[in-house]
Amino acid sequence: MRFPLITIALSIYNVEPYLRQSLETIVNQTYQNLEILCIDDCSNDKTYDILQEYAQKCSRIRVVKQPKNQGLSVSRNRAIEMAQGEYILMLDGDDLFALDMVEKAYKKAAETDADLVVWDYCTFYKDEELPRLLKKPSVLIGFDSNDKIALLKCPAFMWVKLIRTQILRDQGVHFPEGLTKQDIPVWWHLVTTLNKIVVLPERLSYYRQNQFNTTSRKDKSVYSLAYVMDITGEYLKENNLYETYKNEYLRSRLGLLQGMYDYIKSELQPNAIQMIRERLDADAIAYVKSPVCALSKRTILFYKGYMMGELFAKLQYDGLMLVRTIYRKIKV
604 MRFPLITIAL SIYNVEPYLR QSLETIVNQT YQNLEILCID DCSNDKTYDI
654 LQEYAQKCSR IRVVKQPKNQ GLSVSRNRAI EMAQGEYILM LDGDDLFALD
704 MVEKAYKKAA ETDADLVVWD YCTFYKDEEL PRLLKKPSVL IGFDSNDKIA
754 LLKCPAFMWV KLIRTQILRD QGVHFPEGLT KQDIPVWWHL VTTLNKIVVL
804 PERLSYYRQN QFNTTSRKDK SVYSLAYVMD ITGEYLKENN LYETYKNEYL
854 RSRLGLLQGM YDYIKSELQP NAIQMIRERL DADAIAYVKS PVCALSKRTI
904 LFYKGYMMGE LFAKLQYDGL MLVRTIYRKI KV
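Residues in the sequence shown are numbered from 604 upward in steps of one, following this note's numbering.
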(Lines of atoms letter the chains of each structure in order from A and count residues from 1; the text may use other names and numbers.)
(Lines give C-alpha, C1' and ligand atoms only; values in the text may rest on other atoms or scores of the structure.)
Protein backbone atom coordinates (compact mmCIF):
# COMPACT_ATOMS: atom_id res chain seq x y z
CA MET A 1 0.00 0.00 0.00
CA ARG A 2 1.37 3.41 -0.93
CA PHE A 3 1.33 6.32 1.51
CA PRO A 4 0.46 9.58 -0.29
CA LEU A 5 0.68 13.02 1.24
CA ILE A 6 -2.45 13.86 3.22
CA THR A 7 -3.32 17.42 4.25
CA ILE A 8 -4.76 18.10 7.67
CA ALA A 9 -6.29 21.57 7.39
CA LEU A 10 -6.70 22.96 10.88
CA SER A 11 -9.00 25.98 11.17
CA ILE A 12 -8.22 27.95 14.30
CA TYR A 13 -9.56 30.98 16.14
CA ASN A 14 -8.89 31.89 19.79
CA VAL A 15 -8.41 28.33 21.04
CA GLU A 16 -5.36 28.98 23.22
CA PRO A 17 -6.58 26.82 26.17
CA TYR A 18 -7.04 23.73 23.98
CA LEU A 19 -4.66 24.12 21.04
CA ARG A 20 -1.60 22.32 22.44
CA GLN A 21 -3.63 19.25 23.33
CA SER A 22 -5.29 19.25 19.92
CA LEU A 23 -1.98 19.63 18.09
CA GLU A 24 -0.48 16.75 20.07
CA THR A 25 -3.16 14.42 18.70
CA ILE A 26 -2.34 15.63 15.18
CA VAL A 27 1.48 15.68 15.10
CA ASN A 28 1.54 12.24 16.76
CA GLN A 29 -0.71 10.55 14.20
CA THR A 30 0.50 7.06 13.29
CA TYR A 31 0.19 8.06 9.62
CA GLN A 32 3.24 10.26 9.17
CA ASN A 33 3.15 11.59 5.59
CA LEU A 34 1.16 14.67 6.52
CA GLU A 35 0.97 18.31 5.59
CA ILE A 36 -0.45 20.08 8.64
CA LEU A 37 -1.91 23.33 7.31
CA CYS A 38 -2.86 25.60 10.21
CA ILE A 39 -5.00 28.60 9.26
CA ASP A 40 -5.31 31.10 12.10
CA ASP A 41 -8.35 33.34 11.58
CA CYS A 42 -6.64 36.39 13.14
CA SER A 43 -6.82 35.19 16.75
CA ASN A 44 -6.31 37.81 19.46
CA ASP A 45 -5.06 35.44 22.16
CA LYS A 46 -1.82 33.40 22.10
CA THR A 47 -3.06 30.93 19.50
CA TYR A 48 -0.67 32.18 16.79
CA ASP A 49 2.33 32.03 19.15
CA ILE A 50 1.54 28.39 19.96
CA LEU A 51 1.28 27.56 16.26
CA GLN A 52 4.67 29.15 15.59
CA GLU A 53 6.18 27.22 18.48
CA TYR A 54 4.95 23.92 17.03
CA ALA A 55 5.99 24.88 13.50
CA GLN A 56 9.57 25.35 14.69
CA LYS A 57 9.56 21.83 16.13
CA CYS A 58 7.68 20.07 13.30
CA SER A 59 8.60 20.71 9.66
CA ARG A 60 5.27 19.28 8.47
CA ILE A 61 3.39 22.27 9.91
CA ARG A 62 2.57 25.29 7.72
CA VAL A 63 1.07 28.30 9.51
CA VAL A 64 -1.07 30.86 7.71
CA LYS A 65 -2.45 33.90 9.51
CA GLN A 66 -5.51 35.55 8.01
CA PRO A 67 -5.21 39.37 7.77
CA LYS A 68 -8.55 39.74 9.54
CA ASN A 69 -11.17 37.54 11.17
CA GLN A 70 -13.34 36.19 8.36
CA GLY A 71 -14.96 33.06 9.74
CA LEU A 72 -14.58 29.31 9.41
CA SER A 73 -15.84 29.08 5.83
CA VAL A 74 -13.17 31.43 4.50
CA SER A 75 -10.48 29.40 6.27
CA ARG A 76 -11.77 26.16 4.78
CA ASN A 77 -12.11 27.59 1.29
CA ARG A 78 -8.53 28.80 1.50
CA ALA A 79 -7.42 25.36 2.71
CA ILE A 80 -8.92 23.74 -0.40
CA GLU A 81 -6.90 26.15 -2.55
CA MET A 82 -3.64 25.65 -0.65
CA ALA A 83 -3.68 21.94 0.20
CA GLN A 84 -0.86 19.93 -1.36
CA GLY A 85 -2.09 16.53 -0.19
CA GLU A 86 -3.87 13.95 -2.33
CA TYR A 87 -6.47 13.76 0.44
CA ILE A 88 -7.62 16.37 2.92
CA LEU A 89 -9.15 16.40 6.40
CA MET A 90 -10.63 19.63 7.75
CA LEU A 91 -10.34 19.79 11.52
CA ASP A 92 -10.99 22.33 14.28
CA GLY A 93 -8.26 23.44 16.66
CA ASP A 94 -10.03 22.73 19.94
CA ASP A 95 -11.03 19.11 19.26
CA LEU A 96 -9.11 15.87 19.85
CA PHE A 97 -8.52 12.94 17.53
CA ALA A 98 -7.63 9.27 17.82
CA LEU A 99 -3.92 8.88 17.07
CA ASP A 100 -4.70 6.31 14.37
CA MET A 101 -7.53 8.33 12.80
CA VAL A 102 -5.70 9.23 9.59
CA GLU A 103 -4.18 5.76 9.24
CA LYS A 104 -7.54 4.02 9.56
CA ALA A 105 -9.32 6.49 7.28
CA TYR A 106 -6.72 6.24 4.54
CA LYS A 107 -6.55 2.44 4.80
CA LYS A 108 -10.32 2.31 4.27
CA ALA A 109 -10.06 4.71 1.32
CA ALA A 110 -7.26 2.69 -0.27
CA GLU A 111 -9.02 -0.66 0.20
CA THR A 112 -12.29 0.56 -1.31
CA ASP A 113 -11.03 3.19 -3.78
CA ALA A 114 -13.32 5.65 -2.00
CA ASP A 115 -13.63 9.31 -2.88
CA LEU A 116 -14.66 10.07 0.69
CA VAL A 117 -14.53 8.22 4.01
CA VAL A 118 -16.79 9.26 6.90
CA TRP A 119 -16.46 8.06 10.49
CA ASP A 120 -18.15 8.52 13.85
CA TYR A 121 -17.37 10.87 16.73
CA CYS A 122 -18.20 11.52 20.35
CA THR A 123 -18.94 14.78 22.16
CA PHE A 124 -17.21 15.52 25.46
CA TYR A 125 -17.13 18.32 28.02
CA LYS A 126 -14.25 17.12 30.19
CA ASP A 127 -11.24 15.02 29.20
CA GLU A 128 -11.99 12.42 31.85
CA GLU A 129 -15.29 11.59 30.11
CA LEU A 130 -13.57 10.22 27.01
CA PRO A 131 -12.70 6.67 28.20
CA ARG A 132 -16.34 6.04 29.11
CA LEU A 133 -17.70 7.60 25.92
CA LEU A 134 -15.36 5.62 23.69
CA LYS A 135 -16.67 2.35 25.07
CA LYS A 136 -20.00 3.02 23.39
CA PRO A 137 -20.35 1.27 20.01
CA SER A 138 -20.49 3.48 16.94
CA VAL A 139 -23.95 4.38 15.67
CA LEU A 140 -22.60 3.75 12.16
CA ILE A 141 -22.17 -0.02 12.65
CA GLY A 142 -24.12 -1.85 9.95
CA PHE A 143 -24.50 1.32 7.89
CA ASP A 144 -25.14 0.88 4.15
CA SER A 145 -22.65 3.12 2.33
CA ASN A 146 -24.55 2.66 -0.93
CA ASP A 147 -27.75 4.23 0.43
CA LYS A 148 -27.49 7.94 -0.35
CA ILE A 149 -30.58 8.83 1.68
CA ALA A 150 -29.02 7.12 4.69
CA LEU A 151 -25.71 8.89 4.03
CA LEU A 152 -27.47 12.25 4.20
CA LYS A 153 -28.37 11.37 7.79
CA CYS A 154 -24.68 10.94 8.66
CA PRO A 155 -22.96 13.80 10.49
CA ALA A 156 -22.36 16.70 8.10
CA PHE A 157 -19.30 17.82 10.08
CA MET A 158 -16.18 18.02 7.93
CA TRP A 159 -13.99 16.87 10.82
CA VAL A 160 -15.22 13.28 10.38
CA LYS A 161 -14.27 13.02 6.70
CA LEU A 162 -11.28 12.20 4.52
CA ILE A 163 -11.79 13.46 0.96
CA ARG A 164 -9.80 13.43 -2.26
CA THR A 165 -8.61 17.02 -2.57
CA GLN A 166 -9.00 17.20 -6.34
CA ILE A 167 -12.65 16.18 -6.08
CA LEU A 168 -13.38 19.25 -3.96
CA ARG A 169 -11.76 21.39 -6.63
CA ASP A 170 -13.37 19.63 -9.58
CA GLN A 171 -16.80 19.88 -7.94
CA GLY A 172 -16.29 23.56 -7.16
CA VAL A 173 -17.06 22.93 -3.50
CA HIS A 174 -17.33 26.23 -1.65
CA PHE A 175 -18.31 26.72 1.97
CA PRO A 176 -20.92 29.51 2.27
CA GLU A 177 -19.29 32.45 3.97
CA GLY A 178 -20.73 34.40 6.89
CA LEU A 179 -22.78 31.46 8.17
CA THR A 180 -22.47 28.74 10.77
CA LYS A 181 -23.56 25.16 9.95
CA GLN A 182 -21.72 25.67 6.67
CA ASP A 183 -20.94 21.95 6.43
CA ILE A 184 -24.57 21.05 5.65
CA PRO A 185 -24.84 22.26 2.02
CA VAL A 186 -21.35 20.92 1.30
CA TRP A 187 -22.32 17.47 2.62
CA TRP A 188 -25.47 17.42 0.48
CA HIS A 189 -23.39 18.41 -2.55
CA LEU A 190 -20.88 15.62 -1.93
CA VAL A 191 -23.39 12.87 -1.17
CA THR A 192 -25.50 13.61 -4.24
CA THR A 193 -22.55 13.74 -6.66
CA LEU A 194 -19.79 11.38 -5.49
CA ASN A 195 -19.77 7.79 -6.69
CA LYS A 196 -17.89 6.17 -3.82
CA ILE A 197 -18.49 7.15 -0.19
CA VAL A 198 -17.50 4.63 2.48
CA VAL A 199 -18.45 4.54 6.17
CA LEU A 200 -15.88 3.70 8.85
CA PRO A 201 -17.92 2.74 11.95
CA GLU A 202 -15.50 3.92 14.63
CA ARG A 203 -15.40 6.97 16.90
CA LEU A 204 -12.18 8.67 15.80
CA SER A 205 -12.94 12.39 16.31
CA TYR A 206 -13.67 13.84 19.74
CA TYR A 207 -15.72 17.03 19.62
CA ARG A 208 -15.10 19.37 22.54
CA GLN A 209 -18.29 21.08 23.69
CA ASN A 210 -17.50 24.32 25.51
CA GLN A 211 -19.01 27.72 26.07
CA PHE A 212 -17.02 29.24 23.22
CA ASN A 213 -18.26 26.87 20.51
CA THR A 214 -20.26 28.52 17.76
CA THR A 215 -22.70 25.64 18.14
CA SER A 216 -23.32 26.67 21.75
CA ARG A 217 -24.62 30.15 20.89
CA LYS A 218 -28.28 31.04 21.02
CA ASP A 219 -28.00 34.38 19.23
CA LYS A 220 -28.81 35.36 15.64
CA SER A 221 -26.16 32.97 14.34
CA VAL A 222 -28.77 30.23 14.83
CA TYR A 223 -30.61 31.74 11.84
CA SER A 224 -27.92 30.05 9.75
CA LEU A 225 -29.97 26.85 10.08
CA ALA A 226 -32.52 28.43 7.78
CA TYR A 227 -30.03 29.92 5.35
CA VAL A 228 -27.91 26.79 4.82
CA MET A 229 -31.02 24.78 3.98
CA ASP A 230 -32.07 27.52 1.54
CA ILE A 231 -28.69 27.06 -0.16
CA THR A 232 -29.12 23.29 -0.15
CA GLY A 233 -32.58 23.51 -1.71
CA GLU A 234 -31.34 25.85 -4.43
CA TYR A 235 -28.52 23.44 -5.23
CA LEU A 236 -30.91 20.48 -5.53
CA LYS A 237 -33.27 22.39 -7.82
CA GLU A 238 -30.51 23.81 -10.02
CA ASN A 239 -29.12 20.31 -10.56
CA ASN A 240 -32.49 18.57 -11.10
CA LEU A 241 -32.08 16.58 -7.88
CA TYR A 242 -34.95 18.03 -5.86
CA GLU A 243 -37.56 15.39 -6.67
CA THR A 244 -35.10 12.57 -6.01
CA TYR A 245 -34.24 13.84 -2.53
CA LYS A 246 -37.38 15.83 -1.74
CA ASN A 247 -38.63 13.85 1.26
CA GLU A 248 -35.22 13.72 2.93
CA TYR A 249 -34.63 17.39 2.21
CA LEU A 250 -37.99 18.37 3.71
CA ARG A 251 -37.40 16.16 6.75
CA SER A 252 -34.01 17.73 7.33
CA ARG A 253 -35.11 21.30 6.60
CA LEU A 254 -38.27 21.21 8.71
CA GLY A 255 -36.43 19.57 11.59
CA LEU A 256 -33.67 22.18 11.54
CA LEU A 257 -36.13 25.08 11.31
CA GLN A 258 -38.05 23.80 14.31
CA GLY A 259 -34.75 23.31 16.12
CA MET A 260 -33.86 26.92 15.31
CA TYR A 261 -37.03 28.13 17.02
CA ASP A 262 -36.61 25.75 19.92
CA TYR A 263 -32.97 26.67 20.57
CA ILE A 264 -32.76 30.42 19.98
CA LYS A 265 -33.19 33.02 22.72
CA SER A 266 -36.83 33.67 23.60
CA GLU A 267 -36.68 37.32 22.50
CA LEU A 268 -35.62 36.19 19.01
CA GLN A 269 -38.32 33.54 18.65
CA PRO A 270 -40.93 35.83 17.02
CA ASN A 271 -38.51 36.55 14.19
CA ALA A 272 -37.69 32.85 13.94
CA ILE A 273 -41.41 32.11 13.56
CA GLN A 274 -41.62 34.63 10.72
CA MET A 275 -38.61 33.08 8.99
CA ILE A 276 -40.19 29.63 9.23
CA ARG A 277 -43.53 30.87 7.86
CA GLU A 278 -41.76 32.37 4.86
CA ARG A 279 -40.24 28.96 4.10
CA LEU A 280 -43.33 26.82 4.69
CA ASP A 281 -44.31 26.16 1.07
CA ALA A 282 -46.88 23.71 -0.29
CA ASP A 283 -44.36 20.85 -0.36
CA ALA A 284 -43.50 21.37 3.30
CA ILE A 285 -47.15 21.49 4.42
CA ALA A 286 -47.95 18.39 2.39
CA TYR A 287 -44.99 16.57 3.92
CA VAL A 288 -46.04 17.35 7.51
CA LYS A 289 -49.50 15.93 6.76
CA SER A 290 -48.18 12.96 4.78
CA PRO A 291 -48.07 9.37 6.11
CA VAL A 292 -44.40 9.21 5.00
CA CYS A 293 -43.50 12.13 7.28
CA ALA A 294 -40.48 11.09 9.37
CA LEU A 295 -40.40 14.12 11.67
CA SER A 296 -40.53 13.63 15.43
CA LYS A 297 -43.87 13.92 17.21
CA ARG A 298 -42.75 17.17 18.82
CA THR A 299 -41.77 18.70 15.48
CA ILE A 300 -45.07 17.70 13.87
CA LEU A 301 -46.96 19.26 16.77
CA PHE A 302 -44.93 22.46 16.33
CA TYR A 303 -45.89 22.83 12.67
CA LYS A 304 -49.51 21.87 13.16
CA GLY A 305 -49.85 24.13 16.19
CA TYR A 306 -47.77 27.18 15.28
CA MET A 307 -47.93 27.12 11.49
CA MET A 308 -51.28 25.51 10.66
CA GLY A 309 -53.40 26.95 13.46
CA GLU A 310 -54.37 23.68 15.19
CA LEU A 311 -55.00 24.78 18.78
CA PHE A 312 -54.85 21.32 20.34
CA ALA A 313 -51.51 20.60 18.66
CA LYS A 314 -50.14 23.92 19.96
CA LEU A 315 -51.24 23.08 23.50
CA GLN A 316 -49.61 19.66 23.22
CA TYR A 317 -46.37 21.17 21.94
CA ASP A 318 -46.28 23.83 24.67
CA GLY A 319 -46.96 21.11 27.25
CA LEU A 320 -44.07 18.99 25.99
CA MET A 321 -41.74 21.98 26.10
CA LEU A 322 -42.83 22.85 29.65
CA VAL A 323 -42.18 19.30 30.83
CA ARG A 324 -38.75 19.35 29.19
CA THR A 325 -37.87 22.67 30.85
CA ILE A 326 -38.89 21.38 34.28
CA TYR A 327 -36.96 18.13 33.76
CA ARG A 328 -33.79 20.00 32.81
CA LYS A 329 -34.02 22.23 35.89
CA ILE A 330 -34.50 19.22 38.15
CA LYS A 331 -31.62 17.38 36.46
CA VAL A 332 -29.28 20.31 37.02
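Think of the CB as a built atom: it goes at the ideal place given N, C-alpha and C, for glycine as much as any other residue.
Remember, it's a predicted structure, so these values are computed and weren't measured experimentally.
Next item on the list: Kindly indicate which three-state DSSP category A759 falls into: helix, strand or coil?
Entry: coil
Item checked: Where R663 sits in the DSSP three-state scheme -> coil
Check: Among residues of its own chain, excluding the 5 on either side of D907, which ones have a beta-carbon nearer than 6 Å to its beta-carbon?
Finding: Contrary to the premise, residue 907 reads as Lys rather than Asp in this sequence. So the list reads E913, A916, once near-sequence residues are dropped.
Margin query: I'd like the list of long-range same chain contacts for V895, defined as Cβ closer than 8 Å, with 5 residues on each side in sequence excluded.
Written below: N850
Check: What residue ranges within the segment 669-736 form continuous alpha helix (DSSP H) runs of no fewer than 4 residues, ordered along the chain?
Finding: 675-685, 704-715, 733-736
Notebook entry, point to check: Assuming L699 contacts T628 under a Cβ cut-off of 8 Å, what Cβ separation, rounded to an integer in Å, is found between them?
Noted result: 5 Å
Notebook entry, point to check: Could you give the residue range of the alpha helix (DSSP H) that holds T628?
Noted result: 619-630
Item checked: Expected contact under 8 Å - CB spacing of M693 and M761 to nearest Å -> 4 Å
Notebook entry, point to check: Where L898 and Y864 are concerned, what is the direct C-alpha to C-alpha distance, given to the nearest angstrom?
Noted result: 15 Å
Item checked: Inside the segment 784-848 only - beta strand (DSSP E) runs reaching at least 3 residues -> 800-811
Check: Once you ignore the five residues that flank L608 on each side, which residues in its own chain have a CB closer than 7 Å to its CB?
Finding: N636, E638, Q687, G688, E689
Notebook entry, point to check: Under three-state DSSP, which class holds E881?
Noted result: helix
Next item on the list: Could you say which of L871, S827, V825, Y848 lies nearest to G836 if we only look at CA atoms?
Entry: Y848
Item checked: Alpha carbon of A708 to alpha carbon of L754, nearest angstrom -> 17 Å
Margin query: Using 8 Å as the threshold, is the C-beta distance between V577 and I879 below it?
Written below: Lying outside 604 to 935, the shown extent of the chain, residue 577 is not represented and no answer is given.
Check: Considering only residues of the same chain and omitting the five flanking positions on each side of I834, which have a CB-CB separation below 7 Å?
Finding: P779, P788
Item checked: Inter-residue Cα distance where the pair is T817 and Y826 -> Below a pLDDT of 50, predicted positions are generally treated as unreliable, and T817, at 45, falls in that range; the measurement from the model is reported next regardless. So the alpha carbons of these two residues sit roughly 12 Å apart.
Item checked: Continuous alpha helix (DSSP H) stretch holding K900: start and end -> 900-905
Note to self: Just to confirm the assignment, what range does the alpha helix (DSSP H) spanning T768 have?
What the structure shows: 768-773
Note to self: Please state whether the Cβ-Cβ distance between L807 and V720 is less than 8 Å.
What the structure shows: no
Item checked: Spatial distance of L793 from D718 (CA atoms) -> 10 Å
Notebook entry, point to check: Looking at D648 and N672, is the spacing between their C-beta atoms short of 8 Å?
Noted result: no
Margin query: With a threshold of 7 Å on Cβ separation, who are the neighbours of D822 within its own chain once the five nearest residues in sequence on each side are excluded?
Written below: K868
Note to self: Mapping the DSSP letters down to three states, classify K892 as helix, strand or coil.
What the structure shows: helix
Notebook entry, point to check: To the nearest angstrom, how far is it from the Cα of K668 to the Cα of S646?
Noted result: 9 Å
Notebook entry, point to check: Is it right to say A889 is buried, meaning 16 or more other beta carbons lie within 10 angstroms of its own, or is it exposed?
Noted result: exposed
Next item on the list: Helix, strand or coil for D643, going by three-state DSSP, please let me know.
Entry: strand
Item checked: Burial state of E714 (16 or more Cβ within 10 Å) -> exposed
Item checked: Sequence-distant residues of its chain with Cβ nearer than 7 Å to E881 (five each side left out) -> none
Checklist line | Pairwise C-alpha distance: A759 and Y616 | finding: 21 Å
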